Amino acid sequence: MRPTVVLLGTLDTKGTEYDYFRRCLVEAEVDVILVDTGIREPQGPKPDVDRNEVSQLGGSSIPELIEANDRAHALDVMSLGASAILRRLRDDGKLDAVAGLGGTGGSTLISRAMQTLPLGVPKLLVSTVASGDTRPYVGDTDITMMNSIVDIAGINRISSSIIANAAGAVAGMAKVVPPENPGQRPVVGATMFGLTTPCVTTAREYLEERGYEVIVFHATGSGGRALENLVDAGMVDAMLDITTTELADNLVGGVFSAGPERLTAAGRAGIPQVVSVGAIDMVNFGAASTVPQKFENRTFHRHNDTVTLMRTSGEECDQLGREIAVKLNAAKGPVAVYLPLKGTSGIATEGNSFHDPAADTRLWTAIQKHSEDGIEIHTHDCDINHPDFGLAMAARLHDMYTDTHTKADHDRTITP
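Position 183, counted from 1, in the sequence shown is what the working numbering calls 185; the numbers after and before it change by one each time, with no gaps.
Have a look at this one:
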């Protein structure tokens with residue numbers, strides 16, 4: 003059976019381009035379902051799912067949208083309808099990949115719909131904005147964007163090559179046989195930074211030896227958001243949140259903020275979580291020239307040409323400690339906090355640039371002061387990357403998981 007690629011697009015303005023895209027996909031030996039997300043009469047190919055059905059699923063009708071003459075509202079309606087179409091086709095086994103072409107408006111509509119599909123479903127968007135800031139379109143999903151180079155306005159020697167390449171790419175993705183499910187191993191979400199890598203590696207290896215699948219996220223803002231989203235989606239069974247540095251960026255204004263919801267999903271889900279303060283001694287900026295002038299008297303560490311680190315102050319550590327405690331107090335499941343008293347990152351230890359015992363003490367004090375009785379607090383007289391610290395966190399998470407899950411609850415095998 004041939005795989006199916008779903009094409010989303012506004013056929014009232016880009017019918018010619020979608021006709022060419024569909025023909026390229028057919029030549030690549032995949033079936034195509036063409037969904038019209040335009041408002042006005044389509045030009046060119048006849049869609050398999052017409053605009054009326056899309057608008058109805060989005061909560062309106064084509065005549066109403068035309069009469070309103072509100073492009074932003076029409077985009078909202080049609081993206082909702084397109085999302086419903088994609089989910090229905092996926093549930094019916096008629097979607098192996100999804101693709102589209104667009105400028106700013108089309109890219110917004112198509113990407114919103116793509117974002118509602120599960121992780122791992124191939125998603126390819128050819129866009130005029132793919133060489134700029136793609137976060138508004140990709141978000142925290144696995145959408146692949148391809149730069150259209152030229153505007154999507156007709157078929158010419160450049161656009162034909164780009165679209166043909168896109169068709170080959172998405173057809174290839176649609177044909178890929180998904181990897182075998184690794185089994186019913188419990189999934190642990192973990193957070194890591196370069197400066198906490200030894201700790202996370204030690205903990206990961208301990209848990210993997212006992213039958214867990216440990217998925218590590220780079221704590222660069224997008225990594226933290228992705229992890230929180232997966233927890234909310236029910237895809238994570240336990241949290242090993244060693245590296246909470248994104249909280250510092252969110253508080254101070256660094257470039258790796260994961261937003262105010264960081265460190266909340268596991269608590270909402272009620273899953274076991276073991277938390278530490280990895281790399282919370284730093285706020286991340288780009289090249290040194292990009293650091294805001296108001297921070298000129300702070301302590302900095304040049305990580306490389308494109309990353310400049312700033313030491314968190316005592317006052318900021320006090321605020322971060324309070325934030326961590328308040329968020330963890332709201333958790334529905336078991337929580338343990340581990341504090342490495344001799345350094346929270348590879349450069350916060352004695353003799354290194356971010357060693358600041360006074361600031362660290364304010365962090366420890368705030369966490370302990372504001373944590374409620376149900377929160378376990380473990381202090382260790384070592385730095386975060388000492389092997390004993392990572393082993394202690396992993397062992398506690400293993401115990402918490404086994405205490406809350408019996409074999410009757412989960413057909414999952416873990417080693418004592």
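Ideal Cβ placement from N, Cα and C applies to all residues, glycine included. Remember, predicted model here, so these are calculated numbers, not experimental data.
Considering only their Cβ atoms, is the gap separating residue j from residue i smaller than 8 Å?
i           : j           : result
residue 276 : residue 395 : yes
residue 258 : residue 222 : yes
residue 128 : residue 148 : yes
residue 315 : residue 386 : no
residue 187 : residue 214 : yes
residue 323 : residue 397 : no
residue 217 : residue 191 : yes
residue 380 : residue 350 : no
residue 392 : residue 202 : yes
Output yes if chain C places a C-beta closer than 8 Å to the C-beta of residue i; else output no.
i           : result
residue 219 : In the displayed structure, chain C is absent; only one protein chain is listed.
In angstroms with no decimal places, state the Cα-to-Cα distance between residue i and residue j.
i           : j           : result
residue 97  : residue 321 : 47 Å
residue 270 : residue 329 : 10 Å
residue 429 : residue 400 : With the chain covering 3 to 418 only, the question about residue 429 has no answer from this structure.
residue 301 : residue 281 : 15 Å
residue 331 : residue 309 : 33 Å
residue 125 : residue 334 : 35 Å
residue 340 : residue 346 : 11 Å
residue 1   : residue 132 : Outside the shown range of the chain (3 to 418) lies residue 1, about which nothing can therefore be said.
residue 326 : residue 153 : 47 Å
residue 137 : residue 115 : 15 Å
residue 30  : residue 389 : 52 Å
residue 344 : residue 304 : 22 Å
Does residue i pass the burial test, meaning 16 or more other C-beta atoms within 10 Å, or should it be called exposed?
i           : result
residue 54  : exposed
residue 292 : exposed
residue 71  : exposed
residue 56  : buried
residue 160 : exposed
residue 412 : A caution first: residue 412 carries a pLDDT of 48, below 50, which makes its placement in the model too unreliable to give a value.
residue 17  : buried
residue 83  : buried
residue 7   : buried
residue 49  : buried
residue 262 : exposed
residue 362 : buried
Between which two residues does the alpha helix (DSSP H) holding residue i run?
i           : result
residue 358 : No alpha helix (DSSP H) contains residue 358, which DSSP labels as neither H nor E.
residue 29  : 13–29
residue 254 : 248–254
Locate the beta strand (DSSP E) running through residue i, then write down its first and last residues.
i           : result
residue 329 : Element bounds for residue 329: not the beta strand (DSSP E) but the alpha helix (DSSP H), 316–331.
residue 129 : 125–129
residue 398 : Here residue 398 belongs to no beta strand (DSSP E); instead the alpha helix (DSSP H) covers 389–406.
residue 313 : 309–313
*Give, in chain order, every unbroken run of the alpha helix (DSSP H) that is at least 4 residues long and sits entirely within the region 179–240.*
199–211, 224–234
*Can you list, in chain order, the stretches of the beta strand (DSSP E) that have 3 or more residues and sit fully within the region 136–177?*
146–149
*What residue ranges within the region 57–126 form continuous alpha helix (DSSP H) runs of no fewer than 4 residues, ordered along the chain?*
64–70, 73–93, 106–116
*Ranges of the alpha helix (DSSP H) found wholly within the region 341–381, counting only runs of at least 4*: 359–372
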